[in-house]
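Numbered by the working numbering, the letters in the sequence shown go through residues 429 to 684 in order. Written below as structure tokens is the structure these notes are about.
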Amino acid sequence: MQFTDARPNFGRIDFEGLPNTRDLGGLPTADGRRVRPGLLLRSGTLYFATTADRRRLIEDYHLRAVVDLRGEDELAEYPDGVESLPGVRYVHADALRGTVAGISQNAEARAQLEAARADDGDPARFMEMVYPHILLGESGIEAYRALLRCVLETTDGSVLWHCHFGRDRCGMGSMLVEAALGVPWEAVEEDYLATNRFNPDPADERTDANLRFIRAAVAAVTREFGGVMGYVHDALGVSDADVAELRGRCLEGAPR
């Protein structure tokens, strides 16, 4: 049976300058609970956040930490402006630590993707190679370890993680957080694809989420670690006790 996301507008928060900032709150878990609203936020860059958006993040969502999964070149061009978010911990966790075409907003990287598309005729095939690289690369493991650790350590407010569009690196991080919470795979995929509804440039296929990409990543970590939770435990160092703590704090309702 196909999963239908019951969250209003897929958890999208109606900010002025952030089209793809979404609350994981309301996502179901396999044991009958739901993610508690207002704690776990996925997003694109905060560069475009207005003053009102930033005020809402602090006052309405009690934002305590931002995990930025982008590279140094992107930070220089599109800084988050965390100085306007008082009391917020900023964690820079570059998931690539280098340029991979189709992920980075760097102009040279985008040119490389164009070359790959011209050579192969299928940019999706190239992206299927990129996603496993993100999860299995040393910088990706370090970045997602930092993300999970930040979520675990933030006990008095919300955590927001982002890349540029809120699609690839952010989507992978969201998958890992959702897996740790026990969200069923159908719901994880639906949340990942929801980015396409809020794409600022729907005519540009490079900014589309595609199940081929995330499934390629899952297949890669399954070969290496036996599954996504094997990756969470063995690559990211998240223990069973950590998972229990995370679920106790971030889920609501009684388990079946």
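Just so you know, even glycine gets a beta-carbon here, dropped at the ideal spot from N, CA and C. Bear in mind that the values here come from a model prediction, so they are computed numbers and not experimental data.
Classify Ala669: buried if its beta carbon has 16 or more other beta carbons within 10 angstroms, exposed otherwise. exposed
Among residues of its own chain, excluding the 5 on either side of Ile486, which ones have a beta-carbon nearer than 8 Å to its beta-carbon? Excluding positions up to five away in sequence, the list reads Leu513, Pro514, Gly515, Val516.
From Leu524, Leu446, Arg573, Asp662, residue whose alpha carbon lies closest to that of Asp508: The candidate whose alpha carbon is nearest that of Asp508 is Leu446.
For Gly665, which residues of its own chain have a beta-carbon under 7 Å away from its beta-carbon, when the five flanking residues on both sides are left out? Arg573
Hey, could you find the ends of the alpha helix (DSSP H) Tyr559 is sitting in? Unbroken alpha helix (DSSP H) run through Tyr559: 551-564.
Spatial neighbours of Ala637 within its chain, please: CB distance less than 7 Å, with the 5 preceding and 5 following residues excluded, ordered by chain position. Arg595, Gly599, Tyr620, Leu621, Thr623, Asn624
Quick check on Ser382: buried or exposed, where buried means 16 or more other Cβ atoms within 10 Å of its Cβ? Because residue 382 is not part of the residues shown, which for the chain are 429 to 684, the question remains open.
Candidates Asp433, Val463, Leu588: which alpha carbon is nearest Pro683's? Answer by Cα proximity: Val463.
Suppose the cutoff is 6 Å on Cβ atoms and the five residues either side in sequence are ignored; what does the same chain contact list for Ala493 look like? Taken in chain order, the residues that qualify are Arg517, Cys578, Thr582, Val587.
My understanding is that Val611 touches Leu455, with C-beta atoms under 8 Å, so please give their C-beta distance in whole angstroms. 5 Å
By the 10 Å Cβ neighbour count, where 16 or more other Cβ atoms means buried, how is Arg483 classified, buried or exposed? exposed
Quick one: measure Cβ to Cβ for Glu673 and Leu639, integer angstroms, because I've assumed they're closer than 8 Å. Contact flag wrong, Cβ pair sits at about 31 Å.
What separation, rounded to the nearest whole angstrom, lies between the Cα atoms of Ile569 and Val656? Distance between the alpha carbons of Ile569 and Val656 is about 13 Å.
With a threshold of 7 Å on Cβ separation, who are the neighbours of Gly466 within its own chain once the five nearest residues in sequence on each side are excluded? Closer than 7 Å at Cβ, skipping near neighbours: Asp451, Gly453, Tyr489, Ser586.
Residue nearest to Ile562 in terms of C-alpha spacing, selected from Glu502, Leu469, Arg498: Arg498
Any idea what DSSP makes of Ala434, helix, strand or coil? coil
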